[in-house]
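S.K.: Sharing a structure, written as structure tokens. Questions coming.
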Amino acid sequence: MYKRKDIKPFEKKVWLASPTMHGDELKWMTDAFNKNWMTTAGENVNELEKIAAASAGMKYAVALCNCTSALHLCVKLAGEKLYGKPVISHGALEGKRVFCSDMTFDATLNPVVYEGGIPVFIDIEETSWNMDPVALEKAFEMYPEVKLVVSAELYGFPGRMDRIKKICEKHGALLIEDAAEAMGATIDGIQCGAFGDYSAVSYNGNKIITGSSGGCLLTNDIEVANKARKWSTQARENAPWYQHEEVGYNYRISNVVAGVARGQYPYLAEHIAQKKAIYERYQEGLKDLPIKMNPVTEGTEPNYWLSAMIIDKEYMCKQVRDDSKSLYIPEEGKTCPTEILEAIASINAEGRPIWKPMHMQPMYRMHECIGKDGSIRAKTNAYIAGGTIDVGADIFERGLCLPSDNKMTPEEQDRIIGVIKECFE
Ligand SMILES: *Cc1c(COP(=O)(O)O)cnc(C)c1O
């Protein structure tokens, strides 16, 4: 229970995660300006694609206006490969079930819905907070006809995406990897973004590196890359006039924005080192509290984008949430995410609740979420569903993301740690 409300807040807000610029970004933006390539083509776009592909260990990257559009093209590409060319009035996945990460940002699966697909969510595993391979196997037992899986890495802490990939191969399904949060993280030394048949990364302003916006589609298949490039530029056919045989999109990245992302890549490793130091400082500072940090899965090396923690059950005070508000009853020796987030905010630092699982979202309340014993998760905010524990709901209930900005000083972080400690008094 947090009592000390009288301490002085930080003069400058400590963010959850904000852009960290170095100077190269401005150089490449200015270069675009000076050469008058103020459009969706140019040297920055070409160079960014080379750097992004090399960085992920993939053959091709297609630079797009954001990661959501990259994921949309991934879904379209997969849909066309699996089910043939969609007629103009229908989506590529019309009426088809698609297995999707449950605990992720909704941009992971929005494109599935754009294309008429029906997301079926897969619970996370407690040991990694990522899609549970056991639950995925159960899902394939229940719906053997499913041919597409969309899986994301959470907070830059990968689970075993390689295992997810193997399960997909076994069932003849394609895998879309949403590595938006996981650039630079590895599994057995292999970069995240290299596991999907189609993968996507993000340069959104709060990610580990940024273009202010932007993203890339990654693939090893040149035809896929060419198709994505064509679709992203209004699907123009090779003709002297505007000739169109299929629906196109205006998804290309700006050469100015690409300059920012190009300028950031050389600092990816530095950002990861800073984020790792932040994670370790929290781990050390909070080690005597009844909490757990977000887990590091064996064989993986996270990019440590966001540090997060969950409170042990016995130390949770009563907390209830509806669709927009949260209430709790303060209790001696106990706390809850809402109280900690309020305490952190009171010193002008930004935390955030754990991403609310998709199966708990009102828009997906009629969709299934499958657990590791094959049970369907409750469609309410129920803490425990029938069968095994609803892992996503549980971590949402007990967890929060901690201020993880790489410009946060150790002194600032120590004060945040101090406030968290006081919440347990
Ligand atoms: C940020 C994010 C996205 C969306 O990226 P944009 O570039 O903003 O479109 C998609 N998936 C996940 C998991 C994300 O965190």
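When the letters of the sequence shown are read in order and numbered with the working numbering, they come out as residues 12 to 436.
For each residue, glycine too, the CB sits at the ideal point set by N, CA and C.
Return the Cβ separation of D401 and R388 in integer angstroms, given the expectation that the two are a contact with Cβ distance under 8 Å.
M.R.: The Cβ separation is near 5 Å, so the contact holds.
S.K.: Taking the beta strand (DSSP E) that S100 falls in, what are its first and last residues?
M.R.: Counting along the chain, S100 falls outside any beta strand (DSSP E), and DSSP gives it neither H nor E.
S.K.: Count the CB pairs spanning the region 307-324 and the region 409-421 that are closer than 8 Å, and state whether there are at least three.
M.R.: With the cut-off at 8 Å, the region 307-324 and the region 409-421 touch.
S.K.: Would you kindly work out how many angstroms separate the C-alpha atoms of E295 and V307, rounded to a whole number?
M.R.: Straight-line Cα distance between these residues: approximately 15 Å.
S.K.: Indicate, with yes or no, if ligand 3 has a heavy atom lying under 6 Å from the CB of A163.
M.R.: Ligands in the displayed structure: ligand 1; ligand 3 is not one of them.
S.K.: Determine the direct distance from the alpha carbon of C227 to that of I289, and round the result to whole angstroms.
M.R.: For I289 and C227, the distance between alpha carbons rounds to 27 Å.
S.K.: K432 to L297, Cα distance in whole Å?
M.R.: Their Cα atoms are separated by approximately 7 Å.
S.K.: With three or more C-beta pairs closer than 8 Å as the rule, is the region 159-175 touching the region 187-197?
M.R.: Taking 8 Å as the limit for Cβ pairs, the verdict is that the region 159-175 does touch the region 187-197.
S.K.: Which value, in whole angstroms, describes the spacing of the CA atoms of H378 and A65?
M.R.: The straight-line gap from Cα to Cα measures roughly 38 Å.
S.K.: Report the three-state DSSP secondary structure of T119 (helix, strand or coil).
M.R.: The answer is helix: DSSP assigns T119 an H, G or I state.
S.K.: Quick check on the contact list: which residues have their beta carbon closer than 6 Å to a heavy atom of ligand 1?
M.R.: Ordered along the chain, the selected set is N77, C78, T79, T115, F116, A118, T119, A163, D189, A191, E192, S213, N215, G226.
S.K.: Within the region 364-431, note down every full alpha helix (DSSP H) run reaching 4 residues or more, in order along the chain.
M.R.: 402-409, all fully within the region 364-431.
S.K.: Quick one: what's got a C-beta closer than 7 Å to V268's C-beta in the same chain, skipping five residues either side?
M.R.: Result list for V268: G222, S223, S224, G225, in chain order.
S.K.: Could you check what DSSP says for M320 in three-state terms: helix, strand or coil?
M.R.: Reduced to three states, the DSSP call for M320 is strand.
S.K.: Exposed or buried, which one is I264 when buried takes at least 16 other CB atoms within 10 Å?
M.R.: Buried, by the Cβ-count rule.
S.K.: Alpha carbon to alpha carbon, how far is A250 from L229? Give it in angstroms, no decimals.
M.R.: Rounded to the nearest angstrom, the two C-alpha atoms are 27 Å apart.
S.K.: Kindly indicate which residue of K218, W48, E291 has the alpha-carbon position closest to the one of L165.
M.R.: Among K218, W48, E291, the Cα nearest to that of L165 belongs to K218.
S.K.: Drop a sphere of 10 angstroms on the beta-carbon of P130, count the other beta-carbons inside from all chains shown, and report buried for 16 or more, exposed for fewer.
M.R.: Under this definition P130 is a buried residue.
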